[in-house]
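Written out below as structure tokens is the structure these notes cover.
There are 2 protein chains.
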Amino acid sequence: MDANPWLDEAEQRAWRELAAVFLRLPGALETQLQRDAGLSHFEYWVMALLSEADGRARRLRDLADQANCSLSRLSHVVTRLERRGWVQRHPDPDDARSTRAVLTDAGYGKVVESAPGHVAAVRALVFADLDERDVAALERVCGIIAARLDRSSDG
Amino acid sequence: MDANPWLDEAEQRAWRELAAVFLRLPGALETQLQRDAGLSHFEYWVMALLSEADGRARRLRDLADQANCSLSRLSHVVTRLERRGWVQRHPDPDDARSTRAVLTDAGYGKVVESAPGHVAAVRALVFADLDERDVAALERVCGIIAARLDRSSDG
DNA sequence: ATACCTTAGTTGAAGCTTCAACTATACGTG
DNA sequence: CACGTATAGTTGAAGCTTCAACTAAGGTAT
Numbered sequence: 000m001d002a003n004p005w006l007d008e009a010e011q012r013a014w015r016e017l018a019a020v021f022l023r024l025p026g027a028l029e030t031q032l033q034r035d036a037g038l039s040h041f042e043y044w045v046m047a048l049l050s051e052a053d054g055r056a057r058r059l060r061d062l063a064d065q066a067n068c069s070l071s072r073l074s075h076v077v078t079r080l081e082r083r084g085w086v087q088r089h090p091d092p093d094d095a096r097s098t099r100a101v102l103t104d105a106g107y108g109k110v111v112e113s114a115p116g117h118v119a120a121v122r123a124l125v126f127a128d129l130d131e132r133d134v135a136a137l138e139r140v141c142g143i144i145a146a147r148l149d150r151s152s153d154g
Numbered sequence: 000m001d002a003n004p005w006l007d008e009a010e011q012r013a014w015r016e017l018a019a020v021f022l023r024l025p026g027a028l029e030t031q032l033q034r035d036a037g038l039s040h041f042e043y044w045v046m047a048l049l050s051e052a053d054g055r056a057r058r059l060r061d062l063a064d065q066a067n068c069s070l071s072r073l074s075h076v077v078t079r080l081e082r083r084g085w086v087q088r089h090p091d092p093d094d095a096r097s098t099r100a101v102l103t104d105a106g107y108g109k110v111v112e113s114a115p116g117h118v119a120a121v122r123a124l125v126f127a128d129l130d131e132r133d134v135a136a137l138e139r140v141c142g143i144i145a146a147r148l149d150r151s152s153d154g
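Those protein sequence lines, which keep their order, are chains F and R.
Read in order, the letters of the first sequence are residues 0 to 154 in my numbering.
Read in order, the letters of the second sequence are residues 0 to 154 in my numbering.
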């Protein structure tokens with residue numbers, strides 16, 4: 000990183016496009032999931048992560064890291080999902096401070112039922128016009144940025 | 000787009016990285032601007048767009064399109080910015096339905112004062128580890144996705 | 001063992017976004 | 001010109017996220 004604090008032209012163009020994506024993509028995904036499944040994107044994301052976890056369960060701390068969110072946000076969401084019968088809280092036998100979120104059968108069913116529509120939306124909105132090289136570039140560049148974001152949050 | 004509704008492995012990897020970025024980048028930018036300038040990222044974004052506009056003014060409809068947001072969201076934000084003395088509403092002489100948001104001198108000052116810190120954060124979080132080719136790829140791929148999002152919202 | 005620091009999680013309040021309902025004005029068509 | 005419809009914007013309520021304060025438990029050094 001050089002001393003100049005400003006963005007050059009190429010960076011400005013890239014930044015505008017990136018900002019357009021992250022200002023609108025969440026809304027677009029939200030709309031589809033809300034309409035077709037009555038879920039927020041984040042609720043879906045949390046349940047999808049749980050559905051892939053060992054025993055469909057995970058400590059809230061680990062789940063929050065995986066979902067890129069604060070513990071507080073996750074706790075509120077789990078409360079809502081619990082009310083709807085899709086998740087339960089269980090004490091963690093290994094650490095009494097910790098809580099494990101467990102996906103119920105109903106919750107798993109909900110994920111399975113919502114997934115195709117959601118994945119189709121992701122395909123239609125994100126991948127429809129990308130070729131193999133684009134996908135590879137997207138993974139690489141976002142991976143670099145995500146790693147950076149990682150380091151900035153603990154360092 | 001082929002008939003298979005699922006994502007292939009490369010797409011899944013790219014999707015996870017992209018999701019990590021758009022789940023965390025807004026929060027990271029928010030934190031910096033809130034701490035250093037007392038602004039939300041979106042408030043900054045709106046004022047920055049106004050600062051570049053002809054006469055530092057724009058119809059709410061046009062500004063909403065530029066900022067990738069709903070008219071309702073923008074209207075609420077403009078109300079808050081108005082309360083703080085950074086923006087004013089004026090009737091549009093050409094269309095009586097329309098309202099023009101105008102950046103005040105205080106608002107312009109606020110943007111000028113907040114910009115360096117914000118741009119530095121964008122550089123540090125997004126561009127620090129990207130080379131020229133990465134930046135070009137980011138612009139290209141995000142441009143394609145943004146165009147897609149465009150078409151999906153009106154079509 | 002005690003004192004101190006760190007980590008896990010919860011909770012309520014405040015603030016922002018979304019949604020739906022509403023007003024007002026412009027535009028198009030017969 | 002009148003009618004129906006589309007567009008611009010506002011507003012209040014409901015819902016979600018963030019923030020700060022708090023409880024509880026683990027770790028560590030003395």
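C-beta: ideal position from N, C-alpha, C; glycine also.
Remember, predicted model here, so these are calculated numbers, not experimental data.
Residues of the stretch 111 to 127 of chain R whose Cβ lies closer than 8 Å to any Cβ of chain F, in chain order: Pro115, Val118, Ala119, Val121, Arg122, Ala123, Leu124, Val125, Phe126, Ala127. Between methionine 46 of chain R and leucine 102 of chain R, the C-beta spacing is below 8 Å. The straight-line gap separating the alpha-carbon atoms of arginine 12 of chain F and valine 140 of chain R is approximately 12 Å. Around the CB of leucine 70 of chain R, fewer than 16 other CB atoms lie within 10 Å, so the residue is classed as exposed.
The DSSP assignment places complete alpha helix (DSSP H) segments of no fewer than 4 residues inside the stretch 30 to 70 of chain R at 40 to 51, 59 to 66, in order along the chain. The continuous alpha helix (DSSP H) containing proline 115 of chain R extends over residues 104 to 121. For glycine 142 of chain F, the nearest CB of chain R lies under 8 Å from its own CB, placing it at the interface with that chain.
Annotation: leucine 70 of chain F has no Cβ neighbours in chain R at a cutoff of 7 Å; minimum Cβ distance is about 13 Å. Taking a contact as a CB-CB distance under 8 Å, the pair alanine 100 of chain R and leucine 59 of chain R counts as one, their CB atoms being some 6 Å apart. Taking a contact to require three or more Cβ pairs closer than 8 Å, the stretch 22 to 36 of chain R and the stretch 108 to 126 of chain R qualify as touching. Within 8 Å of the CB of serine 97 of chain F, no CB atom of chain R is found; the nearest one sits about 23 Å away. According to DSSP, threonine 78 of chain F shares a beta bridge with no other residue.
As computed with DSSP, glutamine 87 of chain R is found in a beta bridge with R:Val101.
Contact between proline 90 of chain F and threonine 98 of chain F holds: their C-beta atoms lie close to 7 Å from each other, under 8 Å. Using a 10 angstroms sphere on the CB of glycine 106 of chain F, the tally of other CB atoms reaches 16 or more, which defines it as buried. The beta carbon of serine 50 of chain R does not come within 8 Å of any beta carbon belonging to chain F, so the residue lies off that interface. Exclusion of the five residues before and after aspartate 35 of chain F leaves Gly116 as the residues of its chain whose Cβ lies within less than 6 Å of its Cβ. With respect to chain F, the C-beta atom of arginine 23 of chain R has a partner C-beta closer than 8 Å.
In this structure, DSSP gives proline 92 of chain R a state outside helix and strand, which the three-state scheme calls coil. One alpha carbon belongs to arginine 150 of chain R, the other to aspartate 64 of chain R, and they sit about 13 Å apart. Here serine 152 of chain R is exposed, its C-beta having fewer than 16 other C-beta atoms within 10 Å.
The straight-line gap separating the alpha-carbon atoms of glutamate 112 of chain F and tryptophan 14 of chain F is approximately 36 Å. In summary, arginine 132 of chain R is exposed, with fewer than 16 beta-carbon neighbours lying within 10 Å of its beta-carbon over all protein chains present.
Here DSSP, grouped into helix, strand and coil, assigns proline 4 of chain F to coil. Between alanine 9 of chain R and valine 134 of chain F, the gap from beta carbon to beta carbon is short of 8 Å. In the three-state DSSP reduction, alanine 127 of chain F falls in the coil class, being neither helix nor strand. A straight-line Cα-Cα distance of about 15 Å links glutamine 87 of chain F and glycine 108 of chain F. By a beta-carbon distance limit of 8 Å, valine 110 of chain R does not contact serine 39 of chain R. Their separation comes to about 14 Å. In this structure alanine 18 of chain R is buried. Its beta-carbon is surrounded by 16 or more other beta-carbon atoms within 10 angstroms.
Our two residues, histidine 75 of chain R and arginine 83 of chain R, have alpha carbons roughly 13 Å apart in a direct line.
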